[in-house]
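Line by line, the protein sequences give chains A, B, C and D. Numbering-wise (our numbering), the first sequence opens with residue 1 and increments by one. Numbering-wise (our numbering), the second sequence opens with residue 263 and increments by one. Numbering-wise (our numbering), the third sequence opens with residue 525 and increments by one. Numbering-wise (our numbering), the fourth sequence opens with residue 787 and increments by one. C-beta: ideal position from N, C-alpha, C; glycine also.
4 protein chains.
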Amino acid sequence: MKDIQNSKDERGIEIQNVGVKDVELPLTIQRKNKTDCEVWSKATASVSLPKDYKGTHMSRFIEVLTAWSNKNMLGVDIKQCLKEIIEKLDAKSGEIKFEFKYFIDKESPVSKLVSPMCYDCSFKGTYYNDEYKFYLGVKVPVTTLCPCSKEISENGAHNQRSIVSLNIHYDDDAHIWIEDLIKDIESCASSDVYSLLKRADEKFVTEHAYNNPKFVEDVLRDVIIKIKEKPEIRSYELFCESFESIHNHSAWAFQKEKIPKK
Amino acid sequence: MKDIQNSKDERGIEIQNVGVKDVELPLTIQRKNKTDCEVWSKATASVSLPKDYKGTHMSRFIEVLTAWSNKNMLGVDIKQCLKEIIEKLDAKSGEIKFEFKYFIDKESPVSKLVSPMCYDCSFKGTYYNDEYKFYLGVKVPVTTLCPCSKEISENGAHNQRSIVSLNIHYDDDAHIWIEDLIKDIESCASSDVYSLLKRADEKFVTEHAYNNPKFVEDVLRDVIIKIKEKPEIRSYELFCESFESIHNHSAWAFQKEKIPKK
Amino acid sequence: MKDIQNSKDERGIEIQNVGVKDVELPLTIQRKNKTDCEVWSKATASVSLPKDYKGTHMSRFIEVLTAWSNKNMLGVDIKQCLKEIIEKLDAKSGEIKFEFKYFIDKESPVSKLVSPMCYDCSFKGTYYNDEYKFYLGVKVPVTTLCPCSKEISENGAHNQRSIVSLNIHYDDDAHIWIEDLIKDIESCASSDVYSLLKRADEKFVTEHAYNNPKFVEDVLRDVIIKIKEKPEIRSYELFCESFESIHNHSAWAFQKEKIPKK
Amino acid sequence: MKDIQNSKDERGIEIQNVGVKDVELPLTIQRKNKTDCEVWSKATASVSLPKDYKGTHMSRFIEVLTAWSNKNMLGVDIKQCLKEIIEKLDAKSGEIKFEFKYFIDKESPVSKLVSPMCYDCSFKGTYYNDEYKFYLGVKVPVTTLCPCSKEISENGAHNQRSIVSLNIHYDDDAHIWIEDLIKDIESCASSDVYSLLKRADEKFVTEHAYNNPKFVEDVLRDVIIKIKEKPEIRSYELFCESFESIHNHSAWAFQKEKIPKK
């Protein structure tokens, strides 16, 4: 059978990224102080395509991903997977990203009851200009209570669910646990959110948030301070969004930064 | 050209609904105390298909919808549009639904500044068993403040954005304005939400919500009382969902009911 | 601490459904010819609330769900879980639904390569009028190739991805495997879809679809015939949607039916 | 009332972007060869925040947006709106984006019937380093028919709906019509998609796509060639995604480029 993808292209355009998107597959994740677990993930992968070729071979992405998924290799070790994709497709660069659902057992603050909380996380590996980089992403739901509303109102203060999305790139020889990164972020909000709260917990969470008012700007700045405490982080993108309880729109803040190695 | 759709089907199965979905088109809407306006809408339409026919003629839905959209006929008058679709497709029953974005100018409670609020609304017409019925739907964002959290906490109370979704069917000779239905629903929550709030408004809204705590169950019951005050309503479906600020999940309540004419 | 939820309500309105929604938690699933596996799921649960009570106790839903999730009880055995929720909340009726991501290894048609395909599935248990009912839901992506386009065109025929969504309720003493239900549905389309297809497979799939043209009406009717072959099915809801490749909207067909026991 | 936002911040962190997100409001759009029209839009706006200030004043964004919406100023003229936001908030940089639904009347290829097609479009203005830039975005649904599938199969070829997303930045003194940009993109696919197609049109569209097979890579390259023909374009981001009819995942290609002025 003729291989159309391999036919010569005359348009003279090298393509930066071509590949597959939203490929659902099981992924094995290393957990802090627990055995590894298998999670649902959605993969997006791409390579560069030289100007002389008409198309890439999409099925090879799936072949590598499937083989790699079958071997139960860890999500955090995607360097080899990406390398294999790039080799099989004879490309000079490429990237791969897994978005996945990750459960962490969480204890309520007073009754100490434990229930699972689910976090949207991601691993991304990129290979450009002969350099491999790894990125870890987490989306953390928290409570924010408005300092202005508290200050000007006789009683109460509006508060709401917010999502803090953080993507970090760190040194290859370092390791950062998802569990630790999430805990750091949660400590920067007016309060954590929980799956299971009994009445004593609800009292605690309500009062803790009231005593700890935060704008979306405050959460952003406090998370940045936490990031700067980790010397292995080389860059980050941080996005905080509050689904305002008094509006039908959101308040948001964003920061990105490269941090040179000292 | 052969008309495959018209060929005889031997499977003996009459189909209840077959048609088109998510057809975006402009729709003209009658506004209370304002001139008509054109809005973005998404139409879904279907007819029944007799057991002897292989398929319906999908393009005829679009022909009727386009002709009807061009004549700037009002969304609320979809009876004729549905009748025409049913005739053109030689069907015995059918239905049509428009989901649309609707702006209402809203005044902030203290500073009296006016800004547009957008509501997701819908018109639906159904024709089954020789009977036409019209349904009006609105989705109304509001604030709910938790009565339990207020009661047990020394200060503050968790609150959040909630969505109240109401679909009503009312007598053919009656008319209910979207504007009025939304106002009724908003009056049942801890507070309205607004696009534009200055500091004096924010103080008012915060304190009003604090003095007016409501469970999702309270909002549901209060909206039901409002519904029962309108003698022209023959049935409703009511769904309230609170995007809890202390959890990463929702609290919800649902009720549906037929109300016989007295 | 005062239990506000337990306070007396004077509005005289019994609520049909009140509960929690979109609670993410791990769920154990029984697989055909494989060991059980743990999947990501999203639970929605509700009970009825008598007219005399102001509110339900939302945290009890999470307590039961967490305990049940920790015991690795099977998703298909949700009868006890629902019973416990109803008892703990002193309700007369209730329901619970888990939506989950389910992987099945699938072999490509010619090269016989195996890769995982992910399906959106659901288990639902309801308890109304002293009767328990179980529902199984699957969403199956398939290819549909248009019979009209094939007939009237000299070459080719438009085809597209379609989703067949089927919910069935069957007798309590019967068991239907997800794997079997999906295979039945896939056999009713122009072709299956796959994660991994090499060129020989792509040739097969393309030609198979071309030789097997199906309207959305055809898929619906053929799935209904498959359903009727299973004497244990007591009711179904079937929805087929084609994301048309020549339009920016969908074609769809829907059928629901109760099937009395013979 | 105290202005908490204005209080001094000691953390020493200047924020790059802080503002409002998903504010729905009506927007006036200039159309090619037609009168202006009002569309539904969703605005996201932000400014920078100096390190000395605790927070921005979120309500001022809405004030400027509302005033500007009331004056029926054109979406394409957002320079003044952004300037006013930046001044009112005493910031040094900022940006604003409107995403909106835009209808264009489209003629079917053979029967010449006209019906509205809806496109997701966006206007974005940014002001960084004392320089204003304007970006126009369009998302265009098209058909792609697989060249490989056509070549290796005896009959037919798989095809599907694809979305081409293009964002361009062009010289301030130039103007590019949405209508023209969309037409250029549609000409690069295997076929346009349409709202209304009669049988003669369906035959044409099917055969045209079959005679015009395109990988996602081909569409990307052909759109790039079209972009390069416009000397006023200074940069672009181009994303093509095919919702494969034989898979449950997508194929995609991406390119971005700065084009220096000659």
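Residue-level contact to chain D via CB, residue i, 8 Å cutoff
| i | result |
| --- | --- |
| A/Lys98 | As written in the sequence, residue 98 of chain A is Phe, which differs from the Lys given in the question. It does not: the Cβ of A/Phe98 has no partner Cβ on chain D nearer than 8 Å. |
| B/Val280 | no |
| A/Val23 | yes |
| A/Ile85 | no |
| A/Thr56 | yes |
| C/Phe767 | yes |
Spatial neighbours of residue i in its chain, beta-carbon cut-off 7 Å, leaving aside the 5 residues before and after
| i | result |
| --- | --- |
| A/Leu197 | Ser108 and Val205 |
Contacts around residue i, its chain only, beta-carbon distance under 8 Å, and the 5 residues preceding and following it disregarded
| i | result |
| --- | --- |
| C/Pro640 | Phe627, Ile628, Asp629, Lys630 and Ser719 |
| D/Val1009 | Val950, Leu952, Asp970, Ile971, Cys974, Leu1024 and Cys1026 |
| B/Lys341 | Gly387, Tyr394 and Phe396 |
| B/Arg322 | Ile347, Lys350 and Leu351 |
| D/Met859 | Thr814, Gln866 and Cys867 |
| C/Lys776 | It should be pointed out that residue 776 of chain C corresponds to Trp in this sequence rather than to Lys. So the qualifying residues of the chain are Val740, Phe763, Cys764, Glu765 and Ser766. |
| B/Asp442 | Lys294 |
Residue range of the unbroken alpha helix (DSSP H) whose run includes residue i
| i | result |
| --- | --- |
| C/Tyr734 | Arg723 to Tyr734 |
| C/Met582 | Met582 to Asn594 |
| B/Arg483 | Val478 to Lys490 |
DSSP beta-bridge partners of residue i
| i | result |
| --- | --- |
| A/Gly75 | DSSP, once it has assigned bridges, lists no residue as partnering A/Gly75. |
| D/Ala829 | D/Val809 and D/Phe884 |
| D/Trp963 | None; D/Trp963 has no bridge partner. |
| C/His693 | C/Tyr659 and C/Ser759 |
| D/Ile753 | Since the displayed chain D opens at 787 and closes at 1048, residue 753 of chain D lies outside it and no answer follows. |
| B/Phe365 | B/Cys380 |
| B/Thr406 | B/Gln422 |
Beta carbon of residue i nearer than 8 Å to that of residue j
| i | j | result |
| --- | --- | --- |
| D/His955 | D/Arg1020 | yes |
| D/Glu800 | D/Thr814 | no |
| C/Cys605 | C/Lys625 | no |
| C/Ser570 | C/Glu611 | no |
| A/Lys71 | A/Thr44 | no |
| D/Pro927 | D/Val979 | yes |
| C/Ile586 | B/Arg273 | no |
| D/Gln816 | D/Val862 | yes |
| C/Ile770 | B/Lys264 | no |
| B/Phe516 | C/Asn541 | yes |
C-beta neighbour in chain A for residue i, strict 8 Å
| i | result |
| --- | --- |
| B/Val455 | yes |
| B/Asn417 | yes |
| C/Arg723 | yes |
| C/Leu613 | no |
| D/Trp1038 | yes |
| B/Thr297 | no |
Test: residue i CB closer than 8 Å to a CB of chain C
| i | result |
| --- | --- |
| D/Tyr888 | no |
| A/Ile62 | yes |
| A/Thr66 | yes |
| D/Arg797 | no |
| A/Pro260 | no |
| D/Ala975 | no |
is_contact[residue i, chain B] using C-beta, thresh 8 Å
| i | result |
| --- | --- |
| C/Pro671 | yes |
| A/Met1 | no |
| A/Ile152 | yes |
| D/Val825 | yes |
| D/Ser834 | no |
| A/Pro116 | no |
Partners in chain F for residue i, counting only beta-carbon separations shorter than 8 Å
| i | result |
| --- | --- |
| B/Val467 | This model lacks chain F altogether, as its protein chains are A, B, C and D. |
Residue range of the beta strand (DSSP E) that includes residue i
| i | result |
| --- | --- |
| C/Pro640 | Val638 to Tyr652 |
| D/Glu940 | From DSSP, D/Glu940 is part of no beta strand (DSSP E); its letter is neither H nor E. |
| C/Lys780 | Ser774 to Lys782 |
Heavy atom of the ligand PLP within 7 Å of residue i beta-carbon
| i | result |
| --- | --- |
| B/His431 | Although the ligand PLP was asked about, the structure shown includes no ligands whatsoever. |
Same chain, Cβ closer than 6 Å to residue i, neighbours up to 5 away in sequence not counted
| i | result |
| --- | --- |
| D/Ala877 | Val833 and Ser834 |
| D/Trp963 | Lys818 |
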